[in-house]
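As numbered in the working numbering, the sequence shown has no gaps in its residue numbers, which increase by one up to the final residue, 419.
In this text, a Cβ means the ideal position worked out from N, Cα and C, and glycines have one as well.
Below is one structure, written out as structure tokens; comments come after it.
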Amino acid sequence: MFREAIERMAPYTPGEQPRPGQRLIKLNTNENPYPPSPGVRRAILASAGAALRLYPPPRADAFVAAAARLYGIPASHILAGNGSDELLSMIFRAALGHGDRVAYALPTYSLYDTLAAIQEARVAAVPLGPGFAQPLDALARERAQLTIVCSPNSPCGTLAMPDDLDALARRLGRRLLVIDEAYVDFAEANALDLVRRHRNVIVLRTLSKSFSLAGMRLGLLFAQLPIVESLLKVKDSYNLNRIAIAAGAQALDDAAWMRRNVEKVKRTRELAQQRLRALGFEVPPSSSNFVLARLPDRDMAPVTAALRRRGILVRHFPASVFRDAIRISIGTPAEMNALFKALEPLIKPLLAKRLRTRAGK
Ligand SMILES: Cc1ncc(COP(=O)(O)O)c(C=O)c1O
59 MFREAIERMA PYTPGEQPRP GQRLIKLNTN ENPYPPSPGV RRAILASAGA
109 ALRLYPPPRA DAFVAAAARL YGIPASHILA GNGSDELLSM IFRAALGHGD
159 RVAYALPTYS LYDTLAAIQE ARVAAVPLGP GFAQPLDALA RERAQLTIVC
209 SPNSPCGTLA MPDDLDALAR RLGRRLLVID EAYVDFAEAN ALDLVRRHRN
259 VIVLRTLSKS FSLAGMRLGL LFAQLPIVES LLKVKDSYNL NRIAIAAGAQ
309 ALDDAAWMRR NVEKVKRTRE LAQQRLRALG FEVPPSSSNF VLARLPDRDM
359 APVTAALRRR GILVRHFPAS VFRDAIRISI GTPAEMNALF KALEPLIKPL
409 LAKRLRTRAG K
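This is the structure in structure tokens:
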């Protein structure tokens, strides 16, 4: 019934979402453990009235205007999306046809694979470099129609430095470079400035992580005018609803609330990294709101399942080189204490066994 490429492809697998009433500690899809600003609730209530009779503004004007104020980028250079997933989907649809090439480092956000399969595009997959750094030189050499750098990258949390991305944008010339900055508010640097300097750069942001609004589906795209105009051709006419537009505008106006939550998450992240390393995990320094905890060469599927039985969800990637790792979203200090209480008795026997094997016993 459908195109052969669709029949053949694997669907994107989202992390588990608990059913209503199910009490689980949710550290598997990098949501924010703190609520959005109280102003967001008021904005939602105020927008949920008679105006819902009318279609929303096609360009999500109030949300985009708030983004223009916060980031100092003209509104005409900003596109709003129903989550940054929708913006990624628009970029793939507009940039790639059958057989075209898209380059990115692996492992990364697996939705890129799904979107490439839908377009029947070919993926030039480049392995991450030492220390899980983005292999920017190798990506430049691929000379693909579309290059994507996820920074900070998921699932390892490593950041690509803006100067290096600037050099990559220059080397790519007229070829598109997408910098997916879903987690960048948790990092020490960002590459938003590159959209002022380069005609081929798109920067993506989301309100799902730092702004605590994953449930509202709000994303932002920044690029120069010709890119925005081309992408508008593939955009759904009314892609954001009125309630989301109001919530997004208020959340951006209340960015100070977001920054306070980000500082709390970063403090918890530093402690979590120390505790995981003390337990025996290898943990690359994270610039995001999650950490990757590796026990090299050990399949972490049983640990993930055991945590699930104890009511704690973390993410495991069975089909990747990180099958020896779990990705843990940073929760509240109490949630992280519960995680460590469940994790320690699972990990200590594993490491003791490894030490015995090494000692030849
Ligand atoms: C790297 C990356 N980009 C984009 C997204 C999508 O975010 P949104 O909720 O805005 O669709 C995610 C979500 O997990 C992500 O990890």
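For residue 84, which beta-bridge partners are listed by DSSP?
According to the DSSP secondary-structure assignment, residue 84 is paired through a beta bridge with 371.
Where residue 292 sits in the DSSP three-state scheme:
DSSP places residue 292 in the coil class of the three-state scheme, outside both helix and strand.
For residue 154, I'd like the list of residues in its chain whose CB is within less than 8 angstroms of its CB, leaving aside the five on either flank, ordered along the chain.
Closer than 8 angstroms at the Cβ level, and outside the excluded window around residue 154, lie 160, 174, 177, 179, 203 and 204.
Interface flag, residue 322 vs chain D, CB-CB below 8 angstroms
In the structure shown, chain D does not exist; there is a single protein chain.
Cβ-based burial, residue 98 [other Cβ within 10 Å; buried from 16]:
Around the Cβ of residue 98, a 10 Å sphere holds 16 or more other Cβ atoms; the residue is buried.
Cβ-Cβ distance between residue 362 and residue 388 below 8 angstroms:
Contact flag unset, no.
Give a single yes or no on whether residue 264 has its beta carbon closer than 7 angstroms to a heavy atom of ligand 1.
Yes, ligand 1 has a heavy atom inside 7 angstroms of this Cβ.
Report the three-state DSSP secondary structure of residue 238 (helix, strand or coil).
Note: residue 238 maps to strand in three-state DSSP.
Range covered by the beta strand (DSSP E) that runs through residue 162:
If you look at residue 162, you'll find it in the beta strand (DSSP E) that goes 159 to 164.
Could I get the ranges of all uninterrupted alpha helix (DSSP H) runs contained in the segment 328 to 415, with 4 residues as the minimum, in chain order?
Runs of the alpha helix (DSSP H) inside the segment 328 to 415: 359 to 367.
Look at residue 138 and residue 117 and say whether their C-beta atoms are less than 8 angstroms apart.
Contact flag set, yes.
Where does the unbroken alpha helix (DSSP H) through residue 264 begin, and where does it stop?
No alpha helix (DSSP H) contains residue 264, which is instead part of the beta strand (DSSP E) from 259 to 264.
Report buried or exposed for residue 374, applying the criterion of at least 16 other Cβ atoms within 10 angstroms of its Cβ.
By the C-beta density criterion, residue 374 is buried, having at least 16 other C-beta atoms within 10 angstroms.
In the DSSP assignment, find the unbroken alpha helix (DSSP H) run with residue 173 in it and report its ends.
Where residue 173 is concerned, the enclosing alpha helix (DSSP H) stretches over 169 to 177.
So for residue 131, helix, strand or coil by DSSP?
Note: residue 131 maps to coil in three-state DSSP.
May I ask you to check if the CB of residue 155 is nearer than 7 angstroms to at least one heavy atom of ligand 1?
No, ligand 1 has no heavy atom inside 7 angstroms of this Cβ.
Compare the C-alpha of residue 321 against each of 90, 152 and 350 and name the closest.
Ranked by how close their Cα comes to the Cα of residue 321, the residues 90, 152 and 350 have 90 in first place.
Bridge-paired residues (DSSP) for residue 438
As shown, the chain starts at 59 and ends at 419. That puts residue 438 outside it, with no answer to give.
Note down the Cα distance separating residue 289 from residue 152, rounded to an integer number of angstroms.
Annotation: residue 289 to residue 152 spans about 6 angstroms, alpha carbon to alpha carbon.
8 angstroms Cβ cutoff met for residue 303 and residue 102:
No, these two residues do not count as a Cβ contact at 8 angstroms.
Whole angstroms are fine: how far does the CA of residue 164 sit from the CA of residue 186?
Taking the straight line joining both Cα atoms gives about 6 angstroms.
Own chain residues within Cβ distance below 7 angstroms of residue 382, not counting five before or after:
352, 353, 354, 355, 356, 357 and 358.
Boundaries of the alpha helix (DSSP H) in which residue 150 is found, first to last residue:
From DSSP, the alpha helix (DSSP H) with residue 150 extends over 142 to 153.
Identify whether residue 94 lies in helix, strand or coil by the three-state DSSP scheme.
If DSSP states are grouped into helix, strand and coil, residue 94 belongs with coil.
Taking residue 125 and residue 310 to be in contact with their CB atoms under 8 angstroms, please state how far apart those CB atoms are, rounded to whole angstroms.
Right, the Cβ-Cβ distance comes to about 6 angstroms (below 8 angstroms), so this counts as a contact.
In chain order, what residues of the same chain have a beta carbon less than 8 angstroms from the beta carbon of residue 341, not counting five sequence neighbours either side?
Counting only Cβ-Cβ distances below 8 angstroms, and skipping sequence neighbours, we find 331, 334, 335, 349, 350, 351 and 352.
Whose C-beta lies closer than 6 angstroms to the C-beta of residue 141 among residues of the same chain, with five residues either side of it excluded?
These residues qualify, in order along the chain: 275 and 277.
Backbone CA spacing between residue 404 and residue 82 [nearest angstrom]
Straight-line measurement puts the Cα of residue 82 at about 18 angstroms from the Cα of residue 404.
Nearest to residue 191 (by Cα), restricted to the options 216, 121, 328 and 168:
Closest by alpha carbon: 216.
Taking a contact to mean a Cβ-Cβ separation below 8 angstroms, would you say residue 193 touches residue 184 in this structure?
Yes. Within cutoff.
Is residue 245 a contact residue of ligand 1, with contact defined as CB to any heavy atom under 7 angstroms?
Result no, Cβ not under 7 angstroms from ligand 1.
For residue 136, count neighbouring Cβ atoms within 10 angstroms of its own Cβ and tell me buried if that reaches 16, exposed if not.
Result: buried.
Contact check, residue 120 vs residue 133, beta carbons under 8 angstroms
Taking C-beta atoms as the reference points, residue 120 and residue 133 fail to come closer than 8 angstroms.
Would DSSP call residue 309 helix, strand or coil?
Residue 309: helix per DSSP, three-state reduction.
Proximity to residue 255 [Cα-Cα], best of 269, 346 and 131:
The shortest Cα separation from residue 255 among 269, 346 and 131 belongs to 131.
Determine the direct distance from the alpha carbon of residue 269 to that of residue 305, and round the result to whole angstroms.
Cα to Cα, residue 305 sits roughly 11 angstroms from residue 269.
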